[in-house]
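Reviewing the structure listed below.
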Amino acid sequence: MLVAGSGGAYGYTLSVASMHDGCAVVLGITTKIVLAISSEAGEEVLCANDGRLYAAVAVFRAPNGAICVAAGGDGKRINVYRANTMKTSLAPDARANDFGAGEMKLLFSFGPHTKRITHIATCDGNSILFADKFGEVFRLVLVWGVNDSLTMAQGDAAAPIFLLQHFSVMSALFLSAPIRQGTPDMKETRRLFTCDKDCHVRVSCYPETFRIEQFLWTESPQSVVTSIAEVPDSSEKKGYSYFVTGSYEGKVHLWAADNTLTNVLPTEPFTIVGSICAPEQVDMDEEGAAAVVSVVYVTSSSHGGFDRHAARDFLHGVLIAYANAKDVVFVPLMESVDDHRLLFALEGITRTRLDSPLLAMVGFGYQLRPCTGA
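Under the numbering used here, the first residue of the sequence shown is numbered 11, with each subsequent residue one higher.
In structure tokens, the structure reads:
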């Protein structure tokens, strides 16, 4: 759910997240939070600014359907805001600092935490997962009351619940959609991806994060994972879950996870079914020049300006943005004839040139919205 980038070279920081259904996207730009909402009534933009530097944002729905934003950063606090929609229209060419928008209401504030908060994810509007700069991951359990009041759970859940720890700074935190279970009475399980700057990629069962499903290893030496996206399984059986990871060295991997092995630990369900290297035109002599800043799953009806790919009979695929590169790479997905698993259709790769390099990409209101450094 979380797609994050950094724009330090342009004098600001940027964190980005969107909802799975594409109806809302939130940007944390230095001390400003900008929320854009797409609905049948049109598009709206709202903002908040409390002077804190935000390193991580997430957007989710409250139990009553309201759209909310969770944000954290250098202030060591996590704030939750609710969108007070005012039908403020968002022009197609609006920029992040052209606000003139409605404001968001602060519902809840936790902190200060002991360390700076670097990543945030949410689960079903009742839990906030966050990582700090020491690589520790926690969960806040929320309780919704009347009139949109929001508090932390009492008892054992009254403090942040420790989930797991890495021993270096986190590079990515990603919570998957629920895994389809064999029987309806089975407990809902998700996958929690935690990646660090020592090149570890840990996949834990959520909420039982003490159960490590697998560590993902590619070639040696391993590269830092900078971006993760989930690819929905459109098959009837939904026997696999698919994930795309992008790395600091520019390589992108497609992983297939066998969902029938989820409860058969220590069996490892993940296998690599496709890999792509950085474009040849990227200057590999400059450190980080080929880093993947975003990977986004798109369908033929959702990638807006990239609709020309649909004409080539590819119904869905992955868009890849690289650091300091103006080209966005589209990699279509196809189904294997042998085992019906998804694969990269390498012969269908195309590139689209933009005016400036991208810092992040998100899906919003059935259109792809790039965030550039221009």
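Backbone N, C-alpha and C fix where the C-beta goes; we use that ideal spot for every residue, glycine too.
| query | result |
| --- | --- |
| Smallest Cα separation from C33: which of A66, D60 and I77? | I77 |
| So what does DSSP say about N74, is it helix, strand or coil? | coil |
| Using only alpha-carbon positions, find the residue among M344, I127 and R71 that is nearest to R62. | I127 |
| Thinking just about the alpha-carbon of each residue, which of E223, N59 and L226 is nearest to the one in T41? | N59 |
| With a 10 Å radius around its C-beta and 16 neighbouring C-beta atoms as the bar for buried, classify W227 as buried or exposed. | exposed |
| Give a yes or no on whether the C-beta atoms belonging to I43 and V35 are separated by under 8 Å. | no |
| Measuring alpha carbon to alpha carbon, tell me which of Q224, L325 and P73 ends up nearest L271. | Q224 |
| Please classify P122: is it buried, with 16 or more other beta-carbons within 10 angstroms of its beta-carbon, or exposed? | exposed |
| Would you mind sorting N157 into buried or exposed? The rule is 16 or more other CB atoms within 10 Å of its CB. | exposed |
| Fully enclosed by the region 222–284, which beta strand (DSSP E) runs are 3 residues long or longer? | 222–225, 235–241, 250–257 and 262–268 |
| Quick check on the DSSP output: the beta strand (DSSP E) that includes F354 runs from which residue to which? | L352 to F354 |
| Give me, in chain order, the residues of the same chain whose beta-carbon lies closer than 7 Å to that of P170; leave out the 5 immediate sequence neighbours on both sides. | F148, R149 and L150 |
| On the DSSP bridge list, what partners appear for C215? | R201 |
| Compute the Euclidean distance between the alpha carbons of P242 and L352, then round it to the nearest angstrom. | 10 Å |
| What do you get for N74, buried or exposed, if any count of 16 or more other CB atoms within 10 angstroms of its CB means buried? | exposed |
| If I measure Cβ to Cβ from K207 and keep anything under 6 Å in the same chain, skipping five residues before and after, which residues do I get? | S178, V179, S181 and V234 |
| Compare the Cα-Cα distances from L329 to each of S237, T23, G249 and T277 and report the closest residue. | S237 |
| Taking just the CA atoms, how far does F203 sit from H263? | 15 Å |
| Which residues in the same chain as S244 place their Cβ atom closer than 7 Å to its Cβ, once the five residues preceding and following it in sequence are excluded? | none |
| Which residues does DSSP list as the beta-bridge partners of P188? | Bridge partners of P188: none, in fact. |
| Fully enclosed by the region 124–192, which beta strand (DSSP E) runs are 3 residues long or longer? | 127–133, 137–142, 146–154, 160–162, 171–175 and 180–185 |
| My output table needs one value for G358: the three-state DSSP class, helix, strand or coil. | helix |
| Between the alpha carbons of T199 and V347, how many angstroms are there, rounded? | 29 Å |
| Are the Cβ atoms of A131 and V69 separated by less than 8 Å? | no |
| Could you give the distance in angstroms between the alpha-carbon of E357 and the alpha-carbon of H350? | 18 Å |
| Going by CA-CA distance only, name the one from G256, Y250 and A299 that's closest to Q232. | G256 |
| Look up D337 in the DSSP assignment and say whether it is helix, strand or coil. | strand |
| Whose C-beta lies closer than 6 Å to the C-beta of L139 among residues of the same chain, with five residues either side of it excluded? | A131 and R149 |
| Would you kindly work out how many angstroms separate the C-alpha atoms of Y307 and G327, rounded to a whole number? | 6 Å |
| I need the DSSP call for V36, collapsed to helix, strand or coil. | strand |
| Going straight from the alpha carbon of I47 to that of S230, what length do you get? | 42 Å |
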